[in-house]
Structures are given as structure tokens and as C-alpha cells.
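A short worksheet on the structure shown next.
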Amino acid sequence: MLFAACCAGLPWTEPGTRVWRAADALFPGGAPLYRRLVRALCLPVLALHAAEACYFDRRLRRHGVDRWSALWWRWASSCFVEGVMAFRRFDAVVARKTAAKDGGKML
């Protein structure tokens, strides 16, 4: 979320603005390096999160979540925003549901 805010704030990161002065004071290398790094990383980060969401779609379908359903949209958008943390959360949900299902069976 912080990086998304940095990308969205680029138009206001101009010399003389508060954002520029803050970046100049807080960022190693100052505001010019901050601006260059955010610009350089914006598209690769966006592409990576889009690829993660596409891969996540395959995992969702494997677990019976229909594509374009409300549940699918919730998980896919969560994955796009969170990235790898959504994978971990999804794995925990699957493990919990599997354990609950297996715990109810008599061996």
C-alpha cells in the first residue's frame, strides 16, 4: 500500500512542494533518487502483482472457487494488492478447512 501511495503521489513530487521536501529529508539519496526509483519500479511492481493474481486464479479454481464469482473477486483483488501475503492467508484458510473436514471423519 505504501508503494501504491508513492506511485500515486509522483505528480506532487516536484521541487518546492512539501512532498519533495519530505522525500529530500527522509529518503537516502534525496528526492531526485526517490522519484527515479519510484518511476523505475512502478510498472515492474504492477506487472508482478498482475502475474501473481493470474497464478492465484489457478489455485482458486483448483479449490472450487468459480472465476468471476464474488468470492473470486475478493481473493483476486486481495492478491493483487497484498501479493504473497494473500497466498499465505489462502493457504491458512485451506489448511484450516481441510483440518476441520478431516477432523470430523472417523478413521
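Numbers in the working numbering are just positions in the sequence shown, counted from 1, shifted up by 3. C-beta: ideal position from N, C-alpha, C; glycine also.
(1) Could you check whether Val48 and Phe1 sit closer than 8 Å to each other, using their CB atoms as the reference points?
(2) How would you label Arg38, buried or exposed, when you count the other beta carbons within 10 angstroms and need 16 or more for buried?
(3) Assuming Trp75 and Val84 form a contact by the criterion Cβ under 8 Å, report the distance between their Cβ atoms to the nearest whole angstrom.
(4) Can you tell me whether DSSP reads Arg70 as helix, strand or coil?
(5) Between Trp123 and Phe59, is the Cβ-Cβ spacing less than 8 Å?
(6) Applying the 10 Å Cβ sphere with the 16-neighbour rule, what's the burial state of His66?
(7) Between the C-alpha atoms of Glu17 and Ala95, what's the straight-line distance to the nearest angstrom?
(8) Between Arg70 and Arg64, what straight-line distance do the alpha-carbon atoms span, to the nearest angstrom?
(9) Report the CB separation of Cys82 from Ala54 in whole angstroms; it is logged as a contact under 8 Å.
This is what the structure holds:
(1) An answer regarding residue 1 cannot be provided, because it is not within the stretch 4 to 110 covered by the chain.
(2) Arg38 counts as buried, since at least 16 other C-beta atoms from the protein chains shown sit within 10 angstroms of its C-beta.
(3) Wrong, their Cβ atoms sit about 15 Å apart, outside the cutoff.
(4) Note: Arg70 maps to coil in three-state DSSP.
(5) Because the chain in this structure spans residues 4 to 110, residue 123 falls outside the shown range and cannot be described.
(6) By the neighbour-count criterion, in which a residue is buried when 16 or more other Cβ atoms sit within 10 angstroms of its Cβ, His66 is exposed.
(7) Their Cα atoms are separated by approximately 43 Å.
(8) Approximately 7 Å, taken between the alpha carbons.
(9) Not confirmed; about 10 Å, so no contact.
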